[in-house]
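**Student:**
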Amino acid sequence: SQKIEQNSEALNIQEGKTATLTCNYTNYSPAYLQWYRQDPGRGPVFLLLIRENEKEKRKERLKVTFDTTLKQSLFHITASQPADSATYLCAPDPNSGYALNFGKGTSLLVTP
Amino acid sequence: SQTIHQWPATLVQPVGSPLSLECTVEGTSNPNLYWYRQAAGRGLQLLFYSVGIGQISSEVPQNLSASRPQDRQFILSSKKLLLSDSGFYLCAWSEGGGSGNTIYFGEGSWLTVV
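Residue numbers (this note's numbering), protein chains in the order written: chain A, 1 to 112; chain B, 1001 to 1114.
#1: Does the region 24 to 32 of chain A come within contact of the region 95 to 112 of chain A, defined as at least 3 CB pairs closer than 8 Å?
#2: Just checking my contact of residue 105 (chain A) with residue 78 (chain A) at CB under 8 Å: how many whole Å lie between their CB atoms?
#3: In the DSSP assignment, find the beta strand (DSSP E) that holds residue 1114 (chain B) and state where it starts and stops.
#4: By alpha-carbon positions, which one of A:69, A:3 and A:111 ends up nearest to residue 1043 (chain B)?
#5: Does the CB of residue 1102 (chain B) have a neighbour CB from chain A at under 9 Å?
#6: Do we get a CB-CB distance below 9 Å when we pair residue 10 (chain A) with the residues of chain B?
#7: According to DSSP, residue 1003 (chain B) sits in a beta bridge with which residue or residues?
#8: Is the distance from the Cβ of residue 1083 (chain B) to the Cβ of residue 1010 (chain B) below 9 Å?
#9: Closest to residue 1081 (chain B) by CA distance: which of B:1073, B:1094, B:1062 and B:1050 is it?
#10: Run through DSSP, which three-state label would residue 67 (chain A) get?
#11: Can you tell which of B:1002, B:1015, B:1094 and B:1106 has its C-alpha closest to the C-alpha of residue 1114 (chain B)?
#12: Can you tell me whether DSSP reads residue 1066 (chain B) as helix, strand or coil?
#13: Would residue 1074 (chain B) pass as an interface residue toward chain A - the criterion being a Cβ-Cβ separation below 9 Å?
#14: Under 9 Å between the Cβ atoms of residue 68 (chain A) and residue 56 (chain A)?
#15: Contact criterion: CB-CB distance below 9 Å. Does residue 58 (chain A) meet it with respect to chain B?
#16: With 9 Å as the limit, tell me which residues of the region 85 to 109 of chain A have their beta carbon closer than that to any beta carbon of chain B; keep them in chain order.
#17: Closer than 8 Å, Cβ to any Cβ of chain A: which residues of the region 1042 to 1062 of chain B, in chain order?
#18: Does chain B have any CB closer than 9 Å to the CB of residue 34 (chain A)?
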């Protein structure tokens, strides 16, 4: 069955450091992968989409990599700020249909 | 611009009572529509999705059902709620007609079954 695995442990880092979150998937052959941010009590918000032919994608302080051989995507936040504290979810392309499933997410806490 | 609204925002229902959550999208046509659930401390679970009026796909068997009576309206229902139905319900939409589309979520509905 298809599985999406994200760091189960919460990630605590100091302000200004780079946060790196991992998303591993099995039994997917995604043409793209999406990353979302979810704040407590709110719906997820789209951040970035990376396609299989894009090894890396950047948006301001965010960087996503996509390694289809390792079946892994890494999500980096550089110069992290306390406002970056949230849960980050990854969602690989379901290949067929429209049923986009999400990983359980990694909780990030950035402390001053 | 497109907007999505769902209601009610919170509700407390007794076991065995019915449920109706409603969601509407504005500013787009023929969207794909989704219902997700997030139980306490757990990930997002896709419950239903719809690619058109009257077309509903169920991802998990449960005592919930969904309907799409109009192009931009999606309703989640239950005839008899269970305690395990408690959770945070999210309606969402994406552009129709292809994959690789961003999903946009509503504000969510907190359901507590007592």
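C-beta: ideal position from N, C-alpha, C; glycine also.
**Tutor:** Walking through what the data contain:
#1: Touching, yes, given that three or more Cβ pairs across the two stretches are closer than 8 Å.
#2: Along the first sequence, read from residue 1 onward, the residue named residue 105 (chain A) stands at position 105. Along the first sequence, read from residue 1 onward, the residue named residue 78 (chain A) stands at position 78. About 20 Å separates the Cβ atoms of residue 105 (chain A) and residue 78 (chain A), ruling out a contact at the 8 Å cut-off.
#3: The sequence position of residue 1114 (chain B) within the second sequence is 114, counting from 1. Careful: residue 1114 (chain B) lies outside any beta strand (DSSP E) and carries neither H nor E.
#4: Indexing the second sequence from 1 puts residue 1043 (chain B) at position 43. It is A:3 whose Cα lies nearest to the Cα of residue 1043 (chain B).
#5: Translated into the one-based positions of the second sequence, residue 1102 (chain B) becomes position 102. Yes, because at least one Cβ of chain A sits closer than 9 Å to the Cβ of residue 1102 (chain B).
#6: Reading the first sequence from its first residue, position 10 is the one you call residue 10 (chain A). Taking Cβ atoms only, chain B never reaches closer than 9 Å to residue 10 (chain A), which makes this a no.
#7: Sequence index remark: in the second sequence, residue 1003 (chain B) carries index 3 (1-based). BP columns for residue 1003 (chain B) point to B:1026.
#8: In the second sequence, the residue the question calls residue 1083 (chain B) occupies position 83. In the second sequence, the residue the question calls residue 1010 (chain B) occupies position 10. Not closer than 9 Å, so no.
#9: Working through the second sequence from its first residue, we reach residue 1081 (chain B) at position 81. Looking at the Cα atoms, B:1062 is the closest of the given residues.
#10: By 1-based counting over the first sequence, the position of residue 67 (chain A) is 67. Correct three-state label for residue 67 (chain A): strand.
#11: Your numbering for residue 1114 (chain B) matches position 114 in the second sequence. Out of B:1002, B:1015, B:1094 and B:1106, B:1015 has the C-alpha closest to the C-alpha of residue 1114 (chain B).
#12: To locate residue 1066 (chain B), count along the second sequence from 1; it is residue 66. Residue 1066 (chain B): strand per DSSP, three-state reduction.
#13: Working through the second sequence from its first residue, we reach residue 1074 (chain B) at position 74. Closer than 9 Å: no.
#14: As a working note, residue 68 (chain A) is residue 68 in the first sequence. As a working note, residue 56 (chain A) is residue 56 in the first sequence. Residue 68 (chain A) places its beta carbon 9 Å or farther from that of residue 56 (chain A).
#15: Numbered from its first residue, the first sequence carries residue 58 (chain A) at position 58. Chain B places no beta carbon closer than 9 Å to that of residue 58 (chain A), leaving this residue out of the contacts.
#16: With the criterion set as a beta carbon lying under 9 Å from some beta carbon of chain B, the members of the region 85 to 109 of chain A are 89, 91, 93, 94, 95, 96, 97, 98, 99, 100, 101, 102, 103, 104 and 105, in sequence order.
#17: So the list reads 1042, 1043, 1044, 1046, 1049, 1051, 1057 and 1059, given in the order they occur along the chain.
#18: Taking the first sequence and counting its residues from 1, one reaches residue 34 (chain A) at position 34. At a cut-off of 9 Å between beta carbons, residue 34 (chain A) contacts chain B.
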